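First up is the structure itself, then whatever we jot down about it.
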Amino acid sequence: MLKLLKFEKKAEKAMAKTALFTHASFLKHKMGDVNPESPARLEKITELMFASGAESQIEKYEAKMVSYTDMLAAHDADYLQYLSRMSPKEGMTVINEDTAMNPYTWEAAQLAAGAGCQAVDGIMASQFQRAFCAVRPPGHHAHRDHSGGFCFLNNVCIAALHALGVHGLKKVAIADFDVHHGDGTSDILGGREDVLILDGFQEALYPYAHLHHCPTNAIYSPFPEGTEGEALRRTMDEVWFPALLEFKPEMIFISAGFDAHREEDQAQLLMVERDYAFLGRRFVNVLEALPDCKGLVACLEGGYSMSSLARSCVSFVRQLAS
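Going by my numbering, the first residue of the sequence shown is number 26, and it counts up by one from there.
As structure tokens, this is what we get:
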């Protein structure tokens, strides 16, 4: 288990490059024995972060609860009240066919969203420049008014709106390389001139929303079944990187899903660890190429093959910390 440190500025220390946010409560959220979005996902990431020595490259912080105001910026009040009301005192409440709540889910969801906002605050306070939020439940399928795809609160959207609304940034970008299209992110932030959405995913795969909806501020990069990492790397260099340089965001947010790996059962893309390391390195390159970009915040999304998830995630985080 990661040793969690209090989130406080240490004036006597030089600014850390990269922070990692997590919380013990993320391991308490469970949606049943057969649901692949399980606590073991974070346990495996934590184990490999320690075994590989990657945790020595980062500063670790304990996530704090998101404010109601920040949640309300991304989600309808009726929906937030619904989640609070549906949170069980014991047992399990089924929200839809793949998403359920146990007594710890609502707290974990608020901590996951809070981690992103806290990372934004740390960047704006010059405590670090890059952050990875090792959180669950994930968020990019959470719409303004409903949950789905294992998601309850849209962690990246809440953090991005926190940067815009609380810290007064003028433009932010969201890049999503989870194997599934981030339909919730497009629902919440679609059409905004102050947000650029970049989304790469397997076509003809859940949630299918990209087939009938592409906001004016989004660039979708659908990959056919069997696509290997070279196509992902080419998309980053030829499409995403130039788009980010042209848009000039003041902060970059990343929905970091690692379920496009060739070992995953839920999808049919063929990415490997070096592809995720490449993405991490390129996002750092973008950050370095944009003098007015204050930092980047990545939030864990999918990845359900435990070994490949841990290896891919650690490869990505190592590049953020380099």
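Beta carbons are placed, not taken as given, at the ideal position from N, Cα and C, and that holds for glycine.
Values in this document were obtained by computation on a predicted structure and should not be read as measured data.
- Shown here, E87 sits in a strand according to DSSP, grouped into three states.
- Judged by DSSP in its simplified three-state form, A285 adopts coil rather than helix or strand.
- M276 and L321 do touch by the CB rule: their CB atoms are close to 7 Å apart, below 8 Å.
- When rounded, the separation of the alpha-carbon atoms in Q82 and F75 is 11 Å.
- When secondary structure is reduced to three states using DSSP, K69 falls in the helix class.
- If you draw a 10 Å sphere on the C-beta of G190, you find fewer than 16 other C-beta atoms in it, and that means exposed.
- The C-beta distance from M331 to A65 rounds to 6 Å, short enough to meet the 8 Å contact threshold.
- The three-state reading of DSSP puts A49 in helix, counting H, G and I together.
- In the DSSP secondary-structure assignment, D224 is bridged to D201, Y245.
- With distances taken between CA atoms, W131 lies nearest to S172 out of M149, S172, H165.
- DSSP places N121 within a strand segment (E or B) once states are collapsed to three.
- Taking the Cβ atoms as the reference, V309 lies roughly 19 Å from S77, outside the contact range of under 8 Å.
- With the rule of 3 Cβ pairs closer than 8 Å, the segment 101 to 119 does not count as touching the segment 155 to 163.
- Classified as exposed, N121 has fewer than 16 neighbouring CB atoms from the shown chains inside 10 Å of its CB.
- N179 is positioned such that its CB atom lies closer than 8 Å to that of A99.
- Burial check for Q106: the Cβ neighbour count within 10 Å stays below 16, so the residue is exposed.
- Around the beta carbon of T241, a 10 Å sphere encloses fewer than 16 other beta carbons of the protein chains shown; the residue is thus reported as exposed.
- The residue from S151, C142, E68 with its alpha-carbon nearest to that of L334 is E68.
- With fewer than 16 other Cβ atoms inside 10 Å of its own Cβ, P316 counts as exposed.
- Residue range 298 to 314 is occupied by the alpha helix (DSSP H) that includes F308.
- Around the beta carbon of K195, a 10 Å sphere encloses fewer than 16 other beta carbons of the protein chains shown; the residue is thus reported as exposed.
- Residues L73, V339, V342, R343, A346 of the same chain have their beta carbon placed closer than 8 Å to that of A79, with the five preceding and five following residues left out of the count.
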